[in-house]
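Report on the following structure.
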Amino acid sequence: GELMLADGQYAEGLRLLRSVVSNHSDHPDIGAIQAMMSDAFEKLYLGGGADGMSAVSAIGLYDEFQELTPSGPKGDEMIRKLADRLAAVDLLDRAGDLLRHQVQFRLQGQERARVGARLAFMELSDRKAAMALDSLDMSEVPGVPTDLFDQRRYLRVRALAEQGRTAEALALIINDQSDTAKQLRAEIYWDLKKWPEAAAALEATIEKPEGASPLPPGAARRLVDLATALTLARDDRGLARLRRTYGPRMAKSEYKEAFDLLTSEPERGIIDYRRMPDKIKQVEEFQSFMTNWRQRMQTQGLSSIN
2 GELMLADGQY
12 AEGLRLLRSV
22 VSNHSDHPDI
32 GAIQAMMSDA
42 FEKLYLGGGA
52 DGMSAVSAIG
62 LYDEFQELTP
72 SGPKGDEMIR
82 KLADRLAAVD
92 LLDRAGDLLR
102 HQVQFRLQGQ
112 ERARVGARLA
122 FMELSDRKAA
132 MALDSLDMSE
142 VPGVPTDLFD
152 QRRYLRVRAL
162 AEQGRTAEAL
172 ALIINDQSDT
182 AKQLRAEIYW
192 DLKKWPEAAA
202 ALEATIEKPE
212 GASPLPPGAA
222 RRLVDLATAL
232 TLARDDRGLA
242 RLRRTYGPRM
252 AKSEYKEAFD
262 LLTSEPERGI
272 IDYRRMPDKI
282 KQVEEFQSFM
292 TNWRQRMQTQ
302 GLSSIN
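So this is what it looks like as structure tokens:
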């Protein structure tokens, strides 16, 4: 078994050592063999030994020998690393299973709230709003830091909105003027196809640059969303104002063509409202408040979101 582990035959080596433990439980050397198995498991999932495996093989081996997961912070870190890897390759169900077990049985206090937020985020990413709400309820603890409290509240807003409970969702951010709350309001009105309200909410998220300063990061993408909402609201005046205010700056952005398409004057015959659904398809998908989190999860791991 030791030679198999040294040769990278982890599954075979651990199975052989486990059979020794099972069949010779009263042998005086069993403690040393159990320690060998635990050390090998830690090297795999904490020391990077499993990095050379596919994510499916890594989680399969973990499931087979999960009784070797150490208690305490070391085991929690092992699970975090594995969940990060699974989430990065869109194995969200499996990553969710790991985190749910942590929240239910391993974690307390602030860490329970933090991991519960990660779990809810994954479930929202997987279109499971009801499960996300359950995860937030299950991991609710008092006295969490303000940034974590707000993150959990925003996740709850998004989950409620996806369930059609938009009045409850909007009530949670009614007095919140943060950038994230503004974006969520715009997102909810967008999903409801309330285009005038969506346009007003989107405009509130855009800080008008002064002088000749360039657009802030992300503003060009948001301006395309705003132009789309104004177009669908048939707000020609709003579109003309948007073009006057931002046209020169948008001409230097990667969204120049989309912005021109949406804000061109109707009398020029470019905008035909009957054909707008087809034209809108040329514009990239509306960017939700979770977009950056999803991108960060893919590149930096699930645990980077809080």
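The sequence shown lines up with residues 2 to 307 when you count with the numbering used here.
C-beta atoms are modelled at their ideal positions from N, C-alpha and C, and glycine is treated no differently.
- Taking all protein chains shown into account, residue 258 has fewer than 16 neighbouring C-beta atoms within 10 Å of its C-beta and is therefore exposed.
- At the C-beta level, residue 153 and residue 137 come within 7 Å of one another.
- Within the model, the alpha-carbon separation for residue 87 versus residue 8 is close to 25 Å.
- Taking all protein chains shown into account, residue 297 has fewer than 16 neighbouring C-beta atoms within 10 Å of its C-beta and is therefore exposed.
- Secondary structure within the segment 192–219: the alpha helix (DSSP H) runs of 4 or more consecutive residues, fully enclosed, are 196–205 (chain order).
- The segment 36–79 contains, as complete alpha helix (DSSP H) runs of 4+ residues, the segments 56–65 (chain order).
- Distance from the CA atom of residue 203 to the CA atom of residue 226, rounded to whole angstroms, is 8 Å.
- Residue 236: not part of any alpha helix (DSSP H); DSSP gives it neither H nor E.
- Rounded to the nearest angstrom, the gap between the Cα atoms of residue 240 and residue 72 is 59 Å.
- For residue 224, same chain residues with a beta-carbon under 8 Å away, outside a window of 5 residues either side, are 207, 216, 243, 247, 251, 256, 260 in chain order.
- Contact between residue 303 and residue 85 holds, since their C-beta atoms are separated by about 5 Å, short of 8 Å.
- Note on residue 120: 16 or more other CB atoms within 10 angstroms of its CB, so buried under the neighbour-count rule.
- Between the alpha carbons of residue 21 and residue 115 lies a distance of about 40 Å.
- Taking a contact to require three or more Cβ pairs closer than 8 Å, the segment 10–20 and the segment 36–53 qualify as touching.
- When C-alpha distances from residue 100 are compared across 109, 188, 80, the shortest belongs to 80.
- Taking C-alpha positions only, residue 237 is separated from residue 200 by approximately 12 Å.
- Residue 95 sits away from residue 142, with the two beta carbons spaced by 7 Å or more.
- Cβ-Cβ distances below 6 Å link residue 132 to 124 in the same chain, with the five nearest sequence neighbours on each side left out; the list follows chain order.
- In the structure shown, residue 188 adopts helical secondary structure according to DSSP, grouped into three states.
- With a cutoff of 7 Å on beta-carbon distance, residue 134 and residue 160 are scored as near each other.
- Separation of the CB atoms of residue 56 and residue 18 is rounded to 24 Å, and the pair is thereby denied contact status at 8 Å.
- For residue 69 against residue 37, the beta-carbon gap comes to about 11 Å, at or over 8 Å, which does not count as contact.
- Under the three-state reduction of DSSP output, residue 252 falls in the coil class, being neither helix nor strand.
- Within the model, the alpha-carbon separation for residue 231 versus residue 147 is close to 35 Å.
- For residue 228, the CB contacts under 7 Å within the same chain, skipping 5 residues up- and downstream, are 240, 243, 260, 263, 264 in chain order.
- Straight-line spacing of the CA atoms in residue 107 and residue 77 works out to 8 Å.
- Check the Cα spacing between residue 102 and each of 130, 139, 49: the tightest is with 139.
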